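Chains as they are written, first to last, in my numbering: chain A, 14 to 399; chain B, 4 to 256. Virtual Cβ for every residue (Gly too), placed ideally from N, Cα, C. It should be emphasised that the depicted structure is a prediction, and the values quoted were computed from it without experimental measurement. Have a look at the structure below, then the notes.
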Amino acid sequence: MDTLFFTDEHNMLIEMISDFAKSEIIPIAKEIDQTSRFPSEVISKLGDLGILSIPVPKKYGGSGMDNVAYAAAIMELAKADASIAITVAAHTSLGTMPIVLSGTEEQKKKYVPKLATGKILGAFGLTEPEAGSDAGATRTTAERKGNNYIVNGGKIFITNAGVAGLLSFTAQIIEDGKNKGIGAFIIPTDIDGLTISEPEKKMGWKASDTRQLFFNNMLISESDMIAEPGEGFKIFLKILTGGRISIAALAVGTAQGAYEKALKYSTERKAFGKEINNFQSIGFKLSDMATQIEAAKLLTFHAAWKKDNGHDIIKEAAMAKLFASEAAMKITTDAIQIHGGYGYVKDYDVERYFRDAKILEIGEGTSEVQRLIILKQILKKVESLV
Amino acid sequence: MKIAVLVKQVPGSESPLPLVSSQDWLDESQVAYIMNESDNYGLEEALQIREKNNDGEVVVVSLGPDRTQKVIREALAKGADRAIHIQTNENYPTDPLAAASLFADALKGEDFDIIFSGLQSDDLGYGQTGVILGELLGMSTATLAMATEILDNKIKVKRELEAGYFQWVTMSLPASISVQSGCNTPRYPSLKGIMGAKKKELNVVTPSVGDQNQSIKKIYAPNTAKETVMIKGSVDQVVEKLVTIFRNEIKIT
Numbered sequence: 014m015d016t017l018f019f020t021d022e023h024n025m026l027i028e029m030i031s032d033f034a035k036s037e038i039i040p041i042a043k044e045i046d047q048t049s050r051f052p053s054e055v056i057s058k059l060g061d062l063g064i065l066s067i068p069v070p071k072k073y074g075g076s077g078m079d080n081v082a083y084a085a086a087i088m089e090l091a092k093a094d095a096s097i098a099i100t101v102a103a104h105t106s107l108g109t110m111p112i113v114l115s116g117t118e119e120q121k122k123k124y125v126p127k128l129a130t131g132k133i134l135g136a137f138g139l140t141e142p143e144a145g146s147d148a149g150a151t152r153t154t155a156e157r158k159g160n161n162y163i164v165n166g167g168k169i170f171i172t173n174a175g176v177a178g179l180l181s182f183t184a185q186i187i188e189d190g191k192n193k194g195i196g197a198f199i200i201p202t203d204i205d206g207l208t209i210s211e212p213e214k215k216m217g218w219k220a221s222d223t224r225q226l227f228f229n230n231m232l233i234s235e236s237d238m239i240a241e242p243g244e245g246f247k248i249f250l251k252i253l254t255g256g257r258i259s260i261a262a263l264a265v266g267t268a269q270g271a272y273e274k275a276l277k278y279s280t281e282r283k284a285f286g287k288e289i290n291n292f293q294s295i296g297f298k299l300s301d302m303a304t305q306i307e308a309a310k311l312l313t314f315h316a317a318w319k320k321d322n323g324h325d326i327i328k329e330a331a332m333a334k335l336f337a338s339e340a341a342m343k344i345t346t347d348a349i350q351i352h353g354g355y356g357y358v359k360d361y362d363v364e365r366y367f368r369d370a371k372i373l374e375i376g377e378g379t380s381e382v383q384r385l386i387i388l389k390q391i392l393k394k395v396e397s398l399v
Numbered sequence: 004m005k006i007a008v009l010v011k012q013v014p015g016s017e018s019p020l021p022l023v024s025s026q027d028w029l030d031e032s033q034v035a036y037i038m039n040e041s042d043n044y045g046l047e048e049a050l051q052i053r054e055k056n057n058d059g060e061v062v063v064v065s066l067g068p069d070r071t072q073k074v075i076r077e078a079l080a081k082g083a084d085r086a087i088h089i090q091t092n093e094n095y096p097t098d099p100l101a102a103a104s105l106f107a108d109a110l111k112g113e114d115f116d117i118i119f120s121g122l123q124s125d126d127l128g129y130g131q132t133g134v135i136l137g138e139l140l141g142m143s144t145a146t147l148a149m150a151t152e153i154l155d156n157k158i159k160v161k162r163e164l165e166a167g168y169f170q171w172v173t174m175s176l177p178a179s180i181s182v183q184s185g186c187n188t189p190r191y192p193s194l195k196g197i198m199g200a201k202k203k204e205l206n207v208v209t210p211s212v213g214d215q216n217q218s219i220k221k222i223y224a225p226n227t228a229k230e231t232v233m234i235k236g237s238v239d240q241v242v243e244k245l246v247t248i249f250r251n252e253i254k255i256t
């Protein structure tokens, strides 16, 4: 893997994040999980190091590295703490990239440098109470009034919502009473007419900030639009496609973290006079875990590599996300099983990895949606079969 | 202010340390190498002086085989301006005088104001290279630096003594100073630094290593086998022997 996808710079980046995680993240991981505290001090340090803008072009103050680097960084962060990894991934893939990909030059210059250094964090509003997998069912409306829009509706499960300074979101554009399709906007979060709820109480990812948003006659200018009606939906689907690679990386990291703890425990714990990895029921579980992680890692880096080389990645990103998230669920479950009763108590970290894994099969496209995407892609090839 | 930082690549504290069959060196193919801990603090001290004065140059200097370039790049990514690699693929010197002589030859034309080195290397641990190098180049020397302060053409160094005592010494420049771990907070390389590291100047020199006054003949792993001692005799004799062992060997007072 090292030689297939990684340059010296990638290896240096991984080593740096691994060192950072050892001193700055692992010592607080348990505390921020148990108190649901957003670790702003860690996020700010990551911003100083350039980790909040890995794939953002240098021109806009980003680090200007590729998607392989981005995936590797998210993986390494998730190995230590999934909440911090999702905060970085949501800020980068969802909070920043929509502006980079479809904002006007003026919007890019105004917003991206501040997002790139982490001076402000970004959030992304697509999901609604009745528009999850069926994102086209967006009910939030933006009604045109002269050069402005009046926004009404709401968004749910929005990562970073309570800590973000900037929010991108989708809405149905209404002009002269007619629905023109889904468009997208970017707004500061202190705008009148936007209410941000208290944080959700979640099963995992507890130190990440997830909230509901309400738009009540929120007045915004047409210059806040980042995607024209009809284009907004397409752009956000493209953003989600790229974001899937980061969730796949997050899944690999979560799985790797739990696996390493189980592997270590299996050499320390003895039963019937032997280290428990001597029993095939435990040892073969570890072999399967390592194999699944290797496969998930290859799918993820291959999708990232294809993206860096300008290839279409709809199928590959969906496959990586689907496989890696389901592998993470299985591996974190087995990591608890290997720990036995100790795995079920909070003193051993594996139960945190288990709780952090479940959302990976749901967020940024459920496993069912990934299978749907893959099916659509593979059916396209049917006609070429003999 | 022109500052050199001596950086050594050493086996990491978590690395396996298998020996080659001749038992006179490590099997390097299985060793995970990192930057020597106290050298990292020396580098940070140099970078902070450069940043405080908003002027100057930090040159990282490393002695060792090709693999050493990994820690050189790391130092460049953290902010050193350029590097000198004294390449010794064969006959790597394990004698501090031989090592310091190679450094002196490579650095004598450069006229550095300060040379920082780590207190000691985490592998051989002699703690002599920085001092000998200072001597060879006719510089002031100090060891165990906990803090430094630049005065006009002088440097003030806080040295760690025993039992929690410190000593402040003021010396004329140029000076070679070995730095204690913990004297500052070393930075992580930023992504910008990582991306820029390859573009910085890396000068490779390949001197021949002269005679060495010492060499490694055999490396042993510490013997950790348990030994059980049976104490025989009457109750009084056993108690007396036990008390002696507690007092003199286990040192319970």
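Identity of the residue in the options nearest residue i by Cα
i                 : options                                    : result
Ile-45 (chain A)  : A:Val-399, A:Lys-394, A:Lys-219, A:Asn-230 : A:Lys-219
Asp-214 (chain B) : B:Val-207, B:Ala-102, B:Asn-226            : B:Ala-102
Pro-96 (chain B)  : B:Glu-60, B:Ala-86, B:Tyr-129              : B:Tyr-129
Gln-383 (chain A) : A:Lys-277, A:Ile-258, A:Gly-286, A:Thr-345 : A:Ile-258
Thr-151 (chain A) : A:Gly-60, A:Gly-175, A:Phe-246, A:Gly-75   : A:Phe-246
Asn-92 (chain B)  : B:Ser-104, B:Ala-86, B:Gln-72, B:Ala-150   : B:Gln-72
Ser-16 (chain B)  : B:Ala-86, B:Leu-154, B:Asp-125, B:Arg-76   : B:Asp-125
Lys-269 (chain B) : B:Val-8, B:Leu-154, B:Met-198              : Residue 269 (chain B) lies beyond the stretch modelled for chain B, which goes from 4 to 256, so this question has no answer here.
Gly-266 (chain A) : A:Asn-290, A:Ala-308, A:Ala-341, A:Ala-330 : A:Ala-341
Val-10 (chain B)  : B:Thr-209, B:Asp-98, B:Asn-57, B:Gly-67    : B:Gly-67
Thr-16 (chain A)  : A:Gly-376, A:Lys-343, A:Val-81, A:Lys-287  : A:Val-81
Ile-252 (chain A) : A:Ala-268, A:Glu-213, A:Gly-286, A:Lys-320 : A:Lys-320
Phe-119 (chain B) : B:Leu-20, B:Lys-157, B:Ser-179             : B:Ser-179
Thr-117 (chain A) : A:Tyr-73, A:Phe-137, A:Gly-131, A:Asp-147  : A:Tyr-73
Glu-40 (chain B)  : B:Arg-53, B:Pro-14, B:Asp-30, B:Leu-20     : B:Pro-14
Ile-234 (chain B) : B:Asn-226, B:Thr-227, B:Glu-243            : B:Glu-243
Residue-level contact to chain B via CB, residue i, 9 angstroms cutoff
i                 : result
Phe-33 (chain A)  : yes
Asp-321 (chain A) : no
Leu-62 (chain A)  : yes
Gly-131 (chain A) : no
Met-78 (chain A)  : yes
Asp-21 (chain A)  : yes
Ile-67 (chain A)  : yes
Glu-89 (chain A)  : no
Leu-263 (chain A) : no
Met-25 (chain A)  : yes
Met-29 (chain A)  : yes
Run of the alpha helix (DSSP H) containing residue i, from where it starts to where it stops
i                 : result
Glu-364 (chain A) : 363-371
Lys-334 (chain A) : 327-352
Thr-267 (chain A) : 244-281
Val-212 (chain B) : First-last for Val-212 (chain B): undefined, no H or E at that position.
Lys-310 (chain A) : 293-321
Leu-128 (chain A) : 118-129
Gln-76 (chain B)  : With the sequence shown as reference, residue 76 (chain B) is identified as Arg, and Gln is not the correct amino acid for it. 72-81 is the extent of the alpha helix (DSSP H) around Arg-76 (chain B).
C-beta neighbour in chain A for residue i, strict 9 angstroms
i                 : result
Lys-11 (chain B)  : no
Pro-192 (chain B) : yes
Arg-85 (chain B)  : no
Ala-80 (chain B)  : yes
Ile-197 (chain B) : yes
Gly-70 (chain B)  : The displayed chain sequence assigns Arg, not Gly, to residue 70 (chain B). Judged by the 9 angstroms Cβ criterion, Arg-70 (chain B) is not in contact with chain A.
Glu-230 (chain B) : no
Glu-77 (chain B)  : yes
Ala-200 (chain B) : yes
Endpoints, beta strand (DSSP E) assigned at residue i
i                 : result
Gly-149 (chain A) : Segment: none, Gly-149 (chain A) is in no beta strand (DSSP E) and carries neither H nor E.
Leu-385 (chain A) : Segment 380-392 is the alpha helix (DSSP H) holding Leu-385 (chain A); no beta strand (DSSP E) there.
Thr-20 (chain A)  : Premise fails: Thr-20 (chain A) is in no beta strand (DSSP E) and is neither H nor E.
Ser-181 (chain A) : 177-188
Met-38 (chain B)  : 36-38
Glu-60 (chain B)  : 60-67
Bridge partners - residue i, DSSP secondary structure assignment
i                 : result
Asn-161 (chain A) : A:Lys-158, A:Ser-234
Leu-134 (chain A) : A:Ala-177
Ile-199 (chain A) : A:Ser-181
Thr-208 (chain A) : A:Phe-227
Leu-9 (chain B)   : B:Val-64
Gln-90 (chain B)  : B:Gly-67
Would you list, in sequence order, the uninterrupted beta strand (DSSP E) runs of no fewer than 3 residues that lie entirely inside the segment 157-189 of chain B? Taking 3 residues as the minimum length, the beta strand (DSSP E) runs contained wholly in the segment 157-189 of chain B are 157-163, 169-175, 178-182, in order along the chain.
Please go through the segment 50-108 of chain A and give each complete beta strand (DSSP E) segment of 3 or more residues, from N-terminal end onward. Counting only runs of 3 or more residues that sit fully inside the segment 50-108 of chain A, no beta strand (DSSP E) segment turns up.
Ordered list of alpha helix (DSSP H) runs contained in the segment 116-160 of chain B, each at least 4 residues: Complete alpha helix (DSSP H) runs here, min 4: 132-139.
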